[in-house]
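First the structure, in the form of C-alpha cells, and then the observations on it.
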Amino acid sequence: MRRFSPLSIGPRRRSAVAVPNAWFDSGLSGRRWPLHLKPYDDELLSSWVVRLSRAYGMEAGRFCVSVWRHSTFWSRDIDKGIYPEVLEGLIDRTATPLPRVLNTTFWGYRSFPAWDLYDNGVSPWLLSIGLRGRRRHRPWLQYCPSCLYDDDDPYFRRQWRLMFVTVCPRHRCQLLDR
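Each residue of the sequence shown is one higher than the one before, starting from 75 at the first, in this note's numbering.
Take a look at the structure:
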C-alpha cells in the first residue's frame, strides 16, 4: 500500500514545487491551508504574507506566485491598497475573519484625518515604497530592532509605515530604516 503525505492529495512527488502547490490548492480540508497563521495585532499584510511563506519553507515571491498565480504581487504596495483576490484568499485559506485581515492594511486607519487624500491615491502620511519597475528605490519601512528582538515570531507593524512615527512607543528608541 502506498503512503500519502498528510499535506498532499496523492502519492508523494519528487518535485519540490509540486507539493507546495498541492498544499495551497487543497490543504487538508479542501479549502484551508494546513498551517493557519493569524496576523498579529498591528501587523502589516506584507509581513503576514512573508511569515506565511516562511512557515511553508518558501521564498515570499515564489509563495505568492503559487498562491495567487501571478508574479506582480510584490510590484505594488499591498499594505496600502485593497486587493480583493489577495484578501479573500487569505480569509478562506487561513480561516481569519475579514475585519482582522483588513486591519493588516491601512483600511484599518479609515478614521485617519488624511483618508480623503489616501482614497485619491495620495498618501502623504505613509512612507512610500518607492517602486520603479519591480525594485524599491528608497527606505519604505521603519522598524524597532528591540521589538523584533523581543518578538517570539518577529513581524512588522503598520504604525512603522506612518511617516510621523519615528520613535518606538514601547522601547522609546528611534526607528531604523536600513
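Every residue gets a Cβ at the ideal spot worked out from N, C-alpha and C, and that includes glycine.
According to DSSP, residues forming a beta bridge with L200:
The count along the sequence shown starts at 1 and reaches residue 200 at position 126. Paired residues: L236.
Quick one: using the 10 Å Cβ neighbour count with 16 as the cut-off for buried, is D115 buried or exposed?
Residue mapping note: residue 115 aligns to position 41 of the sequence shown, counting from 1. Exposed: under 16 other Cβ atoms inside 10 Å.
My understanding is that G135 touches W148, with C-beta atoms under 8 angstroms, so please give their C-beta distance in whole angstroms.
Counted from its first residue, the sequence shown places residue 135 at position 61. Counted from its first residue, the sequence shown places residue 148 at position 74. That belief holds up - the Cβ atoms of G135 and W148 are roughly 6 angstroms apart, short of 8 angstroms.
Kindly list the residues whose CB is nearer than 6 angstroms to the CB of T170, restricted to its own chain and excluding five residues on each side of it in sequence; keep chain order.
In the sequence shown, residue 170 corresponds to position 96, counting from 1. Contacts found: K112.
Give every residue of the same chain whose Cβ lies closer than 6 angstroms to the Cβ of C138, excluding the five residues on either side of it in the sequence, and list them in chain order.
Stepping through the sequence shown from its first residue, residue 138 is reached at position 64. F147, listed in sequence order.
Classify Y223 as helix, strand or coil using the three-state DSSP reduction.
Along the sequence shown, read from residue 1 onward, the residue named residue 223 stands at position 149. In the structure shown, Y223 sits in a helix (DSSP, three-state: H, G or I).
Roughly how many whole angstroms lie between the Cα atoms of T240 and N177?
To locate residue 240, count along the sequence shown from 1; it is residue 166. To locate residue 177, count along the sequence shown from 1; it is residue 103. Approximately 21 angstroms between the Cα atoms of the pair.
Would R244 and C221 qualify as a contact pair, given that the criterion is a beta-carbon distance under 8 angstroms?
The residue given as residue 244 occupies position 170 in the sequence shown. The residue given as residue 221 occupies position 147 in the sequence shown. Yes; because the gap between Cβ atoms is below 8 angstroms, this pair is in contact.
How about D153 and S120: do their beta carbons lie closer than 8 angstroms?
To locate residue 153, count along the sequence shown from 1; it is residue 79. To locate residue 120, count along the sequence shown from 1; it is residue 46. A contact, by the Cβ cut-off of 8 angstroms.
Note down, in chain order, each residue of its chain lying with its Cβ closer than 7 angstroms to the Cβ of W234, except the 5 sequence neighbours on either side.
The count along the sequence shown starts at 1 and reaches residue 234 at position 160. Only L215, Q216, Y217 and L249 meet the Cβ criterion.
Between which two residues does the alpha helix (DSSP H) containing S290 stretch?
Past the boundaries of the shown model lies residue 290; the chain is included only from 75 to 252, so the question cannot be answered.
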